[in-house]
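J.: So the sequence shown is numbered by the working numbering: it starts at 1 and just counts up by one.
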Amino acid sequence: MEKTRRPKVLKNDRLSNDFYPCESRKKRPILASSRLVNAIRLAVVFFLLSPLFIHHLYSQPTERYFDHAPDASAELRLVIFYPSAGTLRALLALQENGFIDLSHVVVVGVFHSQERTNYAESLRLLKEKNWHNFHFHRVEAEVAATDLYKKNAWTQELTTIFQKSHGLIFFGGPDIPPSLYGEKTLLLTQIEDPWRHYLELSAVFHLLGGYQDESFEPLLASRPDYPILGICLGGQTMNVATGGRLTQDISWEIYGKTTVEDLMALGEVAWHTNPYRLLYPDFKNKYFPYELHRLQLRPDGKFCREMGFSSQAQPRVLSAHHQQVKKLGKGFKVIATSLDGLVNEAFEHEQFRHVLALQFHPEFPVLWEKQARFRFRPEDKELRSPYSILENSPPSLEFHKKLWAWFMAQLQAGFRNH
């Protein structure tokens, strides 16, 4: 008689040890032990699915700081939109490396209750780092996408936030829905978090106004020196909210390329994120996924006029984007581009002189990690740190230091003069 063979079960299959619970094996645990293990597993599963655990893991901050905050003369306050754990780590890294000093600054993270980000991670990070002068303001009212660029249910709340603060930063993130700037959505555009965009776009419109309604009086008309910094998505948001539009995909719309290989053939001047990450599935784990490209500064812009850089300086910055500003919003002018002049990299507001929008990232913690080493191209034999590249490409480090020093100086001046 042919011997019956049992089915082959992979060793790493978590069911394999209990596939034949009644079959005896050499050195196999007794049945009672197996049942005990299963009971423990079941208890763990029930705990992980319990409302208490899920609430602990995913509960969003409920604080509404500005409802009860004293007026702006009481303490120096910086508002940030999108207070994710990543955003908080970026601010902490900037402080640890001497770019900013938040020791006497109350930082308030503003977000909408329907955003998709898990801000419970931010709460855990704040507790871990003992960051006691950080607060949240959770916005709960709903506003339709058609009502962002006008007075709406957020108007009074945004006015209070402005009146009780001294400066504001909008950080990076996913693509803005093109419908919010009057265009159809290209296949390469990815919409991930509409409520975040709704709140931030409406906030910028209330602060700066826009072409959508030129009779609308912006909040900064009453405090024109109020500093606002927009980073990557934040810069794009500032442009769209003031009536501008975006290029939805640089590779296709600017350079006319639809394949990674054709874009790479143009050379690094056309790269605004590292194209090799698109060719290798494990690229993120082996190579630096971003691009460190140079800027072309315009002589009439803030970088040259106020921060003292020559228009020939060409500092390196970290780039991680596939979209850019196409049509400028109301009040903005371009002050930096890519070296080929085809991609807009920085903008300043002509009426409100401390409003600056950037397409690059001056806040990523990896820029300051001297021991973090990467391969930037597959053919590279030597691992390098982003910091060493900035250090060996003057005035790149100085550029980042002066950029953050400029913003902090305007923030502190706003508090002194309020």
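All residues carry an ideal CB built from backbone N, CA and C; glycine is no exception.
Spatial neighbours of G414 within its chain, please: C-beta separation below 7 Å, excluding the five flanking residues on both sides.
T.: Here residue 414 corresponds to residue number 414 of the sequence shown, with the count starting at 1. The answer, listed in chain order, is H166, G167, D225, Y226 and P227.
J.: Can you list, in chain order, the residues of its chain whose CB lies under 6 Å from that of S251, leaving out five sequence neighbours each side?
T.: Position 251 of the sequence shown, counted from the first residue, corresponds to residue 251. Result list for S251: K257 and L263, in chain order.
J.: Q314 and R294 look like a contact to me (Cβ under 8 Å); what is the Cβ gap, rounded to whole Å?
T.: As a working mapping, residue 314 is identified with position 314 in the sequence shown. As a working mapping, residue 294 is identified with position 294 in the sequence shown. Right, their Cβ atoms sit about 4 Å apart.
J.: Span of the beta strand (DSSP E) holding I231?
T.: Numbered from its first residue, the sequence shown carries residue 231 at position 231. Per DSSP, I231 belongs to the beta strand (DSSP E) from I228 to I231.
J.: Locate the beta strand (DSSP E) running through F332, then write down its first and last residues.
T.: Here residue 332 corresponds to residue number 332 of the sequence shown, with the count starting at 1. Start and end: F332 to T337.
J.: In its own chain, which residues sit with a C-beta less than 8 Å from the C-beta of N417, not counting the 5 before and 5 after it?
T.: In the sequence shown, the residue the question calls residue 417 occupies position 417. D225.
J.: Report yes if the C-beta distance between Y211 and K330 is below 7 Å; otherwise report no.
T.: To locate residue 211, count along the sequence shown from 1; it is residue 211. To locate residue 330, count along the sequence shown from 1; it is residue 330. Contact flag set, yes.
J.: Can you round the beta-carbon distance between I231 and F170 to whole angstroms, since I take them to be within the 8 Å contact cut?
T.: Looking up residue 231 in the sequence shown gives position 231. Looking up residue 170 in the sequence shown gives position 170. So it is a contact: roughly 7 Å between Cβ atoms.
J.: Quick one: Cα of G244 to Cα of E379, how far?
T.: Here residue 244 corresponds to residue number 244 of the sequence shown, with the count starting at 1. Here residue 379 corresponds to residue number 379 of the sequence shown, with the count starting at 1. Roughly 40 Å between the two C-alpha positions.
J.: Pop quiz: Q60 and A120 are said to be a contact at Cβ under 8 Å. What is the actual Cβ separation, rounded to whole angstroms?
T.: One-based indexing of the sequence shown puts residue 60 at position 60. One-based indexing of the sequence shown puts residue 120 at position 120. With a Cβ gap of about 6 Å, Q60 and A120 count as contacting.
J.: I need the DSSP call for K257, collapsed to helix, strand or coil.
T.: Position 257 of the sequence shown, counted from the first residue, corresponds to residue 257. In the structure shown, K257 sits in coil (DSSP, three-state: anything other than H, G, I, E or B).
J.: Measure from the alpha carbon of E391 to the alpha carbon of each residue in R316, S338 and L186, then state which is nearest.
T.: One-based indexing of the sequence shown puts residue 391 at position 391. Here the closest residue by C-alpha is R316.
J.: Is the beta carbon of L220 sitting closer than 7 Å to the one on F134?
T.: For this step, residue 220 is matched to residue 220 along the sequence shown. For this step, residue 134 is matched to residue 134 along the sequence shown. Going by C-beta atoms, L220 is not nearer than 7 Å to F134.
J.: If you measure between the beta carbons of V110 and V79, is that distance less than 7 Å?
T.: As a first step, residue 110 must be located in the sequence shown, where it is residue number 110. As a first step, residue 79 must be located in the sequence shown, where it is residue number 79. Closer than 7 Å, so yes.
J.: Using the rule of at least 16 other Cβ atoms within 10 Å of the residue's Cβ for burial, across every protein chain shown, is P218 buried or exposed?
T.: Counting from 1 along the sequence shown, the entry for residue 218 is found at position 218. Looking at its Cβ environment, which holds 16 or more other Cβ atoms inside 10 Å, P218 is buried.
J.: Between the C-alpha atoms of S396 and Y181, what's the straight-line distance to the nearest angstrom?
T.: Within the sequence shown, residue 396 is the residue found at index 396, counting from 1. Within the sequence shown, residue 181 is the residue found at index 181, counting from 1. Taking the straight line from one Cα to the other gives about 34 Å.
J.: Can you name, in chain order, every residue of its own chain whose Cβ lies under 7 Å from the Cβ of Y276, other than the five neighbours on each side?
T.: Within the sequence shown, numbered from 1, the residue matching residue 276 stands at position 276. So the list reads F283, Y287, R377 and P378, once near-sequence residues are dropped.
J.: Can you check which of these residues, E63, P362 and W368, is closest to F136 by C-alpha distance?
T.: Indexing the sequence shown from 1 puts residue 136 at position 136. Answer by Cα proximity: E63.
J.: Using a 10 Å radius around the Cβ and a threshold of 16 neighbouring Cβ atoms, would you call R77 buried or exposed?
T.: For the purposes of this step, residue 77 is taken as the residue at position 77 of the sequence shown. By the 10 Å Cβ count, R77 comes out buried.
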